[in-house]
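Each residue of the sequence shown is one higher than the one before, counting from 0 in numbering that gives the first Met the number 0.
Note sheet for the following structure.
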Amino acid sequence: MEVMIAQIPIDDEAPIPADPSPPIMWMKICDPDAALPAAPAGTDVRVLIPTGSQFARLRTMLATQRIPYREVRYLREQELIANIDPHAGLSSTVSIHGRATHSPRPLTGAAAQAARDGFDLMWQEHTSTETPSVPPVPAETILPDQWVRFLPHPVLNPAQAEAIPQIVGTDDHLLVVAPTGAGKTVIGMVGVLRTVLGQGKKAAWLVPQRSLTEELNRELDSWRSRGLRVERLSGEHRVDAERIRSADLWVTTTEKFEALSRTSSMREALAEVGCLVVDEIHLVGDSSRGSFLEAILARVRDDGSRIRIVGLSATVANADQLASWLHARTVRVHWRPTQLTWQLPMVVDHTDWSLTEAAKIRVTASIVNAVSESDGSVLVFCGSKRSVRRTALIIAASRGADVFHIDPDDTDAVYSICQTARIGLHYKGWGHKKEAEQGFRERVLNVLVATSTVAAGVNLPARAVVVQDTEVAMKPIDVATVQQMFGRAGRLGAGERQGWAFLLVNETERAIWQRKLLSGFRVNSQIHSSLAEHVLAEAIQGRIQSTRDAERWWRHTLAYHQGSHDMTPVRHAIGFLLEGAFLQHVRTSDDTGGLAPTELGLLTGRLMVSPTVCHELRRALSSIHLPESADDAENELIEMMATHVPKLAHAAVSEALKSRVLQVKWARGSVDHRPGHDHPVPDDATASYAPGDLARAAMLAIANSPNAFHRNARVIGGIPYSTLSPVLEEAPRYLHWLGCQGFLATVHPWVAIVAADLSRRIRWRRCQPPRGSGRLLWMCEQMATAAHAEDVVPELWTAATNHGRTNPDWTETGRPRGCRLDPSDYALLLKERTTDYALTQLDGRYSASHPSTGTLVTWSGTDYDTVPPANGQAGIPAGARTRLHGTTGAALFTRRGDYRATGWLNDYQQILKDQSQISE
């Protein structure tokens, strides 16, 4: 077989210093028929080859010629690194899967140096000399006996034995830097135990993903049985506020902890926290969520804070800089319980992305089968949900399964055929996720194909890891994430002492990734990207009350520590927040003038939405002419949301699904599965797809085909429900923000009422609520309380609609069955409805009676005005202080969230019984 050699283009070809050592010719050979090139006498020749009987001839030949070689199981790279020609310097040529290049130009400069370093690393890791095992250390020799019973094992590994004395012996902030799999969780446990048991304070454990809170929560179950109060806090897991206050330990996502920090009712509980354990603290450099973590740490590292930081980090290039910012001591641990070998198999970089993807899947299947043939398990990470399903099907086909007629979007068929092939799937929205986790842990399944964003945070160790894609949701994956995924390979929990990791790359990526993985991840501040949001958050918490306070806060950030000393961005952020009415100027005792959040600012901070996005959305909506109907209003609102909310505008969808998305969008969300009812799709459907179209299709389907979203629905209009889910999770946050502004009169009443109705119809979509359901769903939410809403709201909704209720305006005063409010709170809720409010128009004047907790707003066209109530009455001329043009109307809003209005907005008072339903 011919050895296929290809050139990898690379930008950085800076020459490297001359090396006085002997010339080298180092080779990785994965072709058993490859011929060895000749080398001059005195050349340092080394060869890495795979294990296996097919390489017996090559091993014999190497031994005969006394060429040093070492065997690397599952070797998939073929490479020649040499500097035999003194004029050419060091060069590297690399094999490529799927194509032979006849005139390769070897890599030189920094790229060749990275190749040499990578070879040397693999060579050293595969020495025949056995590394002596280090005996475990009894935990009782380091820790008090009463703490040891809380640990998962009575002994500590070398990494834990090295780091834990530093936690127990001092109150200093610590940054523990250790490879994935070194047992950092136990190190974090000791930090918590010292705080809770030793000092009588609370502790908080921050993790980067919801899936990790579940994993850690499961590991801490035994603590509950031993008397410690552990509460898991994440966006999808609600806990009663009193349980949060009384807990000893919070296991929480970064975002949820920040939300608690912005909640005034939690200030006292937060003041009791004595230790903050930060898992994966290096993700402060993550572009998507790192800014929140940086804001928290900037607050905690403040000299006035009494909270200790215990940061648990993967290996990073600038760990000392990160520790210096935190005023922390660095504890470096190099021990890892297993040996990890990583490789970068390379595929051709086609101009047609589908061919590149197909080549990667074939390489993945080849690696999976090689590992599973020797009774090993494999974890495969893909960049999208559809890629997970496609990859799983191809692997199943390589195992003999008949997948020819199976559509990757037919999730039931994909699940069934993959189960027979011992393949599990794992991603957010996959209905069999928990089953796949259990099956993989128990080795009923020996392959798990997952999205990198979800499964990277779940403790599912395997013999081998394949990272198939270098992009996730069309964004480049970072080194920290790849290292984290590599760390799942060869973990002791899976009974493995060696691990193999593969990152599949194309020709243009290999040298870049090789240098990244060798040099490690560098943590850089990300707070500039959302500076206004964090300035607002600090103002809400009372830490920023002036421009000087903001500048003082900025000096505590990682950005400032890394050299961003210019205060101009901070001042611009304050200016933006003032202009957008999120902050306001207030008079201070010394007459110097101060800053305070407005009610709009408090709302924005509480809902954890971006003020930058919110301001743009509100400005865009203010330019719209007053809609003439509920249909027009919902279409306009959906269009603005899909255009101006970035996560909706850039929601990922595969090329194969774009035509289906457009079909639903063009049908205005009407979903009809009957033959002959498909809406035509132009030939250039894919080319017509625009940013935000997935969000438009999803929200229009909710608005106009609510019955399609029944509990068992997995495909909506030909689009997998899992593809729609990210949009349907994000949209209600911004719609709710708009809906809450009716009482504040900071948006036009039509925007507030339509957004409030639509946000609840999206959130509770599995109840199949039609237009006008918002008020009844609001009442169900209030009766259920936030802590029990997920389970109780559907029950209350079903009971109410089964009894013919279409709105919350019932006259009975007894609490409905299932209501979680006590009698006095329920009685107060009844008074805070708009049920008893009278809204009338007479002689050009709108009036409202009994609006003691409400706001009356009147409008004329796009202009609107408000008046506060007095003595239970409020009145205002139609179009007062407006230009008196266009349709007039009025609306009432209560602080608690109920509303009523005139004109077509009256459609949102209740469920319209004659409302037609398009989808069955």
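C-beta atoms are modelled at their ideal positions from N, C-alpha and C, and glycine is treated no differently.
Predicted, not measured: the structure shown is a model, and the values here were computed from it.
Spatial neighbours of Val413 within its chain, please: C-beta separation below 6 Å, excluding the five flanking residues on both sides. Excluding residues up to 5 positions away in sequence, Arg388 lie with their Cβ nearer than 6 Å to the Cβ of Val413 in the same chain.
Residues bridged to Arg331 (per DSSP): Note: Arg331 sits in a beta bridge opposite Val176.
Assumed close pair Val272, Ala327 - CB separation to whole angstroms, cut-off 8 Å: At roughly 17 Å, the Cβ-Cβ gap does not stay under 8 Å, so Val272 and Ala327 are not in contact.
Give the straight-line distance between the Cα atoms of Lys474 and His527, rounded to the nearest whole angstrom. Approximately 19 Å between the Cα atoms of the pair.
Would you check if there are 3 or more beta carbon pairs closer than 8 Å linking the stretch 224 to 233 to the stretch 201 to 216? Yes: at least three Cβ pairs fall under 8 Å.
Collapsed DSSP secondary structure at Gln583 in the structure displayed: Secondary structure at Gln583: strand, using DSSP grouped into helix, strand and coil.
Suppose the cutoff is 6 Å on Cβ atoms and the five residues either side in sequence are ignored; what does the same chain contact list for Gly382 look like? Counting only Cβ-Cβ distances below 6 Å, and skipping sequence neighbours, we find Asp468, Glu470, Val471.
Could you compute how far the alpha carbon of Ala162 sits from the alpha carbon of Asp220? Taking the straight line joining both Cα atoms gives about 24 Å.
Residues bridged to Glu470 (per DSSP): Beta-bridge partners of Glu470 (DSSP): Pro475.
Element boundaries [alpha helix (DSSP H), containing Val191]: 183 to 192 is the span of the alpha helix (DSSP H), which, as asked, contains Val191.
Buried or exposed: Pro725, going by 16 or more other Cβ atoms within 10 Å of its Cβ? So Pro725 counts as buried.
Evaluate Thr251 with the Cβ neighbour count: other Cβ atoms within 10 Å of its Cβ, from every protein chain shown; 16 or more gives buried, anything less gives exposed. The C-beta of Thr251 has 16 or more other C-beta atoms within 10 Å across all chains shown, which makes the residue buried.
Using CA atoms only, rank isn't needed, just tell me which of Gly717, Ala648, Thr800 is closest to Ala689. The residue among Gly717, Ala648, Thr800 with its C-alpha nearest the C-alpha of Ala689 is Ala648.
Nearest-angstrom Cα distance between Arg547 and Leu743? Answer to the nearest angstrom: the Cα atoms are 29 Å apart.
Give the range of the alpha helix (DSSP H) segment to which Gln662 is assigned. Taken as a continuous stretch (DSSP letters only), the alpha helix (DSSP H) holding Gln662 covers 654 to 665.
Measure the beta-carbon distance from Leu961 to Ile306 and round it to whole angstroms, keeping in mind my assumption that it falls under 8 Å. Missing from the structure shown is residue 961; the chain here goes from 0 to 919 and no further.
Beta-carbon proximity check, Glu532 vs Ser451, cutoff 7 Å: Their beta carbons are not under 7 Å apart, which means Glu532 does not touch Ser451 by this criterion.
Rounded separation between Arg880 and Gly574 - CA only: Below a pLDDT of 50, predicted positions are generally treated as unreliable, and Arg880, at 47, falls in that range; no measurement from the model is reported.
Taking the alpha helix (DSSP H) that Phe118 falls in, what are its first and last residues? Segment 108 to 124, the alpha helix (DSSP H) holding Phe118.
What's the call for Ser52, buried or exposed, on a 16-neighbour Cβ count within 10 Å? Exposed, since its Cβ has fewer than 16 Cβ neighbours within 10 Å.
Go ahead and label Arg804 buried or exposed: buried means 16 or more other beta carbons lie within 10 angstroms of its beta carbon, across all protein chains shown. Counting Cβ neighbours within 10 Å, Arg804 comes out buried, since at least 16 surround it.
Please determine, among Ala270, Ile48, Leu150, Cys766, the residue with the shortest C-alpha to C-alpha distance to Val185. The shortest Cα separation from Val185 among Ala270, Ile48, Leu150, Cys766 belongs to Leu150.
Can you say whether His101 is buried or exposed, counting buried as having 16 or more other CB atoms within 10 angstroms of its CB? Per-residue confidence for His101 stands at a pLDDT of 38, beneath the threshold of 50, marking its modelled position as unreliable; the derived number appears in the next sentence. His101 comes out exposed.
Output the residue ranges of the alpha helix (DSSP H) runs that lie fully inside the stretch 208 to 279 and measure 4 residues or longer, sorted by chain position. With a minimum length of 4 residues, the continuous alpha helix (DSSP H) runs that stay inside the stretch 208 to 279 are 209 to 218, 220 to 224, 240 to 245, 253 to 260, 266 to 270.
Would you check if the stretch 31 to 43 and the stretch 74 to 90 touch, i.e. whether three or more CB-CB distances between them fall below 8 Å? Segments in contact, yes.
Cα separation between Val856 and Lys515? Cα to Cα, the separation comes out at about 58 Å.
Can you list, in chain order, the residues of its chain with a C-beta nearer than 6 Å to that of Ala837? Leave out the 5 residues immediately preceding and following it. Cβ-Cβ distances below 6 Å link Ala837 to Ser848 in the same chain, with the five nearest sequence neighbours on each side left out; the list follows chain order.
Exposure label - Asn634; buried when at least 16 CB within 10 Å: So Asn634 ends up on the buried side.
Cross-strand partners of Ile718 (DSSP beta bridge): Answer by DSSP bridge pairing, in chain order: Ile715.
Proximity to Tyr929 [Cα-Cα], best of Leu723, Pro748, His747, Ala755: Shown here, the chain extends from 0 to 919; a query on residue 929 therefore has no answer.
Inspect the CB distances between the stretch 533 to 547 and the stretch 285 to 304 and report whether three or more fall short of 8 Å. The stretch 533 to 547 is in contact with the stretch 285 to 304.
Chain-order list of residues whose beta-carbon lies under 7 Å from that of Ala700 (same chain, five-residue window excluded): Beyond the five residues adjoining it in sequence on each side, Ala700 comes within less than 7 Å, by CB distance, of Val663, Gly668, Val670, Ala707, Ile715, Gly716 in the same chain, given in chain order.
Where does His425 sit, in a helix, a strand or coil, going by DSSP? The answer is strand: DSSP assigns His425 an E or B state.
Between Thr839 and Gly853, what straight-line distance do the alpha-carbon atoms span, to the nearest angstrom? Distance between the alpha carbons of Thr839 and Gly853: 15 Å.
How far does the alpha helix (DSSP H) with Met607 in it extend, from its first residue to its last? Premise fails: Met607 is in no alpha helix (DSSP H) and is neither H nor E.
Among Asp374, Asn368, Glu372, which one has its Cα closest to the Cα of Ala396? If we check each option's Cα against that of Ala396, Asn368 comes out closest.
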